[in-house]
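Have a look at the structure below before the remarks.
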Amino acid sequence: MIKLFNSFSSDKDNFEPFKKNLVRVFICGPTLYDYTHLGHARIFLTYDLLCRHLNERGYATDVLVNMTDINQNVFNKARTESKDYAFIARFYANKFAEDLLLLNIKSINRLAYASDYVCHIENHISNLLDQKVAYYANGNVYLDTSNIKTYGMLSKQSKDQLQLHRLDMGPNKKNPEDIMLWNCSEDFEFSWPSKFGKGIPWWHIQDTTVALENFGINYDIHGGARELLYPHHEAHLAQYNMLSTCENPIKIWMHVGLVLSNDEKMSKSIGNVVWSRDLVQKYGQNLLRLYLFSRHYRDDVNFTESQIAEKKPFLNKIYLTNTMTSNKTDPSLSKLLDEFLVALDDDLNSPKALEIFENMCSKVIEGKSLSSYDFERICQVLGIEI
Ligand SMILES: [Zn+2]
90 MIKLFNSFSS DKDNFEPFKK NLVRVFICGP TLYDYTHLGH ARIFLTYDLL CRHLNERGYA
150 TDVLVNMTDI NQNVFNKART ESKDYAFIAR FYANKFAEDL LLLNIKSINR LAYASDYVCH
210 IENHISNLLD QKVAYYANGN VYLDTSNIKT YGMLSKQSKD QLQLHRLDMG PNKKNPEDIM
270 LWNCSEDFEF SWPSKFGKGI PWWHIQDTTV ALENFGINYD IHGGARELLY PHHEAHLAQY
330 NMLSTCENPI KIWMHVGLVL SNDEKMSKSI GNVVWSRDLV QKYGQNLLRL YLFSRHYRDD
390 VNFTESQIAE KKPFLNKIYL TNTMTSNKTD PSLSKLLDEF LVALDDDLNS PKALEIFENM
450 CSKVIEGKSL SSYDFERICQ VLGIEI
């Protein structure tokens with residue numbers, strides 16, 4: 090039985106998808122104005138490992154990533170580079186696809202531009218207005234969170250705590266914690282026409298709409314960085330609850346820890362951003378995977394380049410093992426292979442799985458037999474290319 094830590098239950102839940110042999114995953118994707126940094130790469134590599142393991146366990150996977158192209162940063166980039174906004178969004182979408190290929194991430198089968206869904210967003214906001222869980226305030230449209238009993242349950246916040254946040258403020262907003270759905274401000278140099286007037290579909294409803302239009306009333310896993318838990322995922326869940334006919338439309342909320350660089354969050358203003366394509370070019374994606382998977386996905390990682398290089402002896406051992414495989418597996422190694430898979434069943438415990446794999450490689454080098462079939466199965470799960 091696969092167990093995954095669910096941020097909603099704060100516990101490791103037994104995982105059973107809605108559809109018997111198919112797991113549908115939504116990952117909050119990039120904002121299209123820059124390349125993929127190591128923190129983003131870790132997120133997509135984590136879900137790639139999860140999907141590869143699910144495939145090994147007999148599940149098919151269907152993975153959707155939304156790409157945020159309705160965003161001030163995209164427009165700022167277009168302005169500073171004197172380029173068309175759509176050109177910038179398409180350019181970085183292509184770079185994102187290239188970065189996924191460089192990282193050997195093959196599990197993502199659907200990429201969606203938020204801007205392709207604006208008419209659907211309009212329909213969903215109308216639905217929320219009809220249900221009277223959304224309201225107009227000075228031309229903007231907000232989600233009235235006071236009507237949603239479960240609001241705060243994902244981020245574990247009481248009503249009092251939620252009210253301390255002052256989100257998306259504007260005149261006539263009913264509750265400080267209410268979520269913006271449509272922003273009619275004329276401060277932006279871009280807008281879409283709608284029945285609510287010219288404006289911008291706000292961030293959270295973009296993702297909710299992309300997920301609803303692709304997966305329908307429910308799906309199995311929602312993934313992303315832990316920092317998205319509030320308000321983004323709380324808002325997404327509230328909107329999904331109101332728009333879906335399903336009581337618990339998302340089974341598992343799975344959050345990945347941060348990658349820090351010199352003890353600080355990666356940011357261009359600090360100048361400590363590490364681009365994943367640079368690391369792949371320097372070390373190769375195999376080594377990057379061994380490095381990242383040697384930490385549990387929920388833990389924060391404080392990145393230094395020397396930690397990647399430390400994994401070279403292990404990778405060399407894997408390459409050597411590849412030259413020493415045979416056509417059968419010794420029972421002692423079959424047992425270790427089972428333990429490798431069981432470690433991944435346990436909330437994707439990749440540090441333990443890698444320890445077991447390294448032990449298997451040592452035993453092969455000492456003369457125990459491992460079939461090339463079993464060796465390739467392990468490499469397939471880890472995404473290691475031989
Ligand atoms: Zn999102």
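Using this note's numbering, the first residue of the sequence shown is number 90, and each one after it goes up by one.
Yeah, the Cβ is synthetic: ideal placement off N, Cα and C, and Gly gets one too.
From a predicted model like this one, the values you see are computed outputs, not experimental measurements.
Q. How is Tyr308 classed by DSSP in three states: helix, strand or coil?
A. The count along the sequence shown starts at 1 and reaches residue 308 at position 219. Tyr308 falls in the strand class under three-state DSSP.
Q: Would you list the residues sitting across from Val230 in a DSSP beta bridge?
A: Indexing the sequence shown from 1 puts residue 230 at position 141. The partner list for Val230 (beta bridge, DSSP) reads Tyr225 and Trp271.
(Q) Rounded to the nearest angstrom, what separates Gly456 and Leu422 at their Cα positions? (A) Mapped onto the sequence shown, residue 456 falls at position 367. Mapped onto the sequence shown, residue 422 falls at position 333. Rounded to the nearest angstrom, the two C-alpha atoms are 11 Å apart.
Q | Stretch-stretch touch, CB-based, cutoff 8 Å, three pairs: the segment 112 to 127 with the segment 159 to 169 | A | yes
Q) Using a Cβ-Cβ cut-off of 8 Å (strictly less than) and excluding sequence neighbours within five positions of Gln295, which residues of its own chain qualify? A) Residue mapping note: residue 295 aligns to position 206 of the sequence shown, counting from 1. Counting only Cβ-Cβ distances below 8 Å, and skipping sequence neighbours, we find Asn155, Thr157, Ile159, Ala203, Tyr206 and Ile210.
Q: Return helix, strand or coil for Leu192, following the three-state DSSP convention.
A: Counting from 1 along the sequence shown, the entry for residue 192 is found at position 103. It is coil, neither helix nor strand.
**Q.** 6 Å CB neighbourhood of Leu96 in its chain, flanking five on each side removed
**A.** By 1-based counting over the sequence shown, the position of residue 96 is 7. Reading off the sequence shown, one finds Ser at residue 96, where the question assumed Leu. Here the set comprises Trp342 and His344.
Q. With respect to the beta strand (DSSP E) encompassing Glu449, which residues constitute its N-terminal and C-terminal limits?
A. In the sequence shown, the residue the question calls residue 449 occupies position 360. According to the sequence displayed, residue 449 carries Met and not Glu. Taken as a continuous stretch (DSSP letters only), Met449 belongs to no beta strand (DSSP E), being part of the alpha helix (DSSP H) at Ser439 to Ile454.
Q. Whose CA, out of Ser439, Leu318, Thr298 and Ser358, lies closest to the CA of Ser333?
A. Reading the sequence shown from its first residue, position 244 is the one you call residue 333. Closest option to Ser333, Cα to Cα, is Thr298.
Q. Between the C-alpha atoms of Phe94 and Ser460, what's the straight-line distance to the nearest angstrom?
A. Locating residue 94 in the sequence shown gives position 5, counting from the first residue. Locating residue 460 in the sequence shown gives position 371, counting from the first residue. Spanning the two alpha carbons is a distance of roughly 33 Å.
(Q) Using a Cβ-based criterion (distance less than 8 Å to any ligand heavy atom), does Gly313 qualify as near ligand 1? (A) Translated into the one-based positions of the sequence shown, residue 313 becomes position 224. The answer is yes for Gly313.
Q. Taking C-alpha atoms, which residue in Lys424, Ser365 and Leu232 lies nearest to Leu190?
A. Numbered from its first residue, the sequence shown carries residue 190 at position 101. Comparing Cα positions, the closest option is Ser365.
Q. Are Leu390 and Leu347 close, meaning C-beta to C-beta below 9 Å?
A. Working through the sequence shown from its first residue, we reach residue 390 at position 301. Working through the sequence shown from its first residue, we reach residue 347 at position 258. Sequence check: residue 390 is Val here, not Leu. A contact, by the Cβ cut-off of 9 Å.
Q) Alpha carbon to alpha carbon, how far is Lys108 from Leu138? A) As a working mapping, residue 108 is identified with position 19 in the sequence shown. As a working mapping, residue 138 is identified with position 49 in the sequence shown. If you take the alpha carbons of Lys108 and Leu138, they lie about 21 Å apart.
(Q) Checking 9 Å against the spacing of the C-beta atoms, do Trp291 and Asp257 come in under that value? (A) For the purposes of this step, residue 291 is identified with residue 202 of the sequence shown, where counting begins at 1. For the purposes of this step, residue 257 is identified with residue 168 of the sequence shown, where counting begins at 1. Yes, these two residues count as a Cβ contact at 9 Å.
Q. What is the C-beta distance between Ala406 and Glu447, in whole angstroms, given that I count them as a contact (C-beta under 8 Å)?
A. In the sequence shown, the residue the question calls residue 406 occupies position 317. In the sequence shown, the residue the question calls residue 447 occupies position 358. Sequence check: residue 406 is Lys here, not Ala. Going by Cβ atoms, the distance from Lys406 to Glu447 rounds to 7 Å, so yes, they are a contact pair.
Q: Please list, in chain order, all residues with a C-beta atom less than 5 Å from at least one heavy atom of ligand 1.
A: Cys117 and Asp296
Q | Assumed close pair Gln374, Leu192 - CB separation to whole angstroms, cut-off 8 Å | A | Indexing the sequence shown from 1 puts residue 374 at position 285. Indexing the sequence shown from 1 puts residue 192 at position 103. So it is a contact: roughly 5 Å between Cβ atoms.
Q: Count the CB pairs spanning the segment 137 to 151 and the segment 168 to 180 that are closer than 8 Å, and state whether there are at least three.
A: no
Q. Under the rule that 16 or more other beta-carbon atoms within 10 Å means buried, what is Ser171, buried or exposed?
A. Taking the first residue of the sequence shown as 1, we reach residue 171 at position 82. Its Cβ having fewer than 16 others within 10 Å, Ser171 is exposed.
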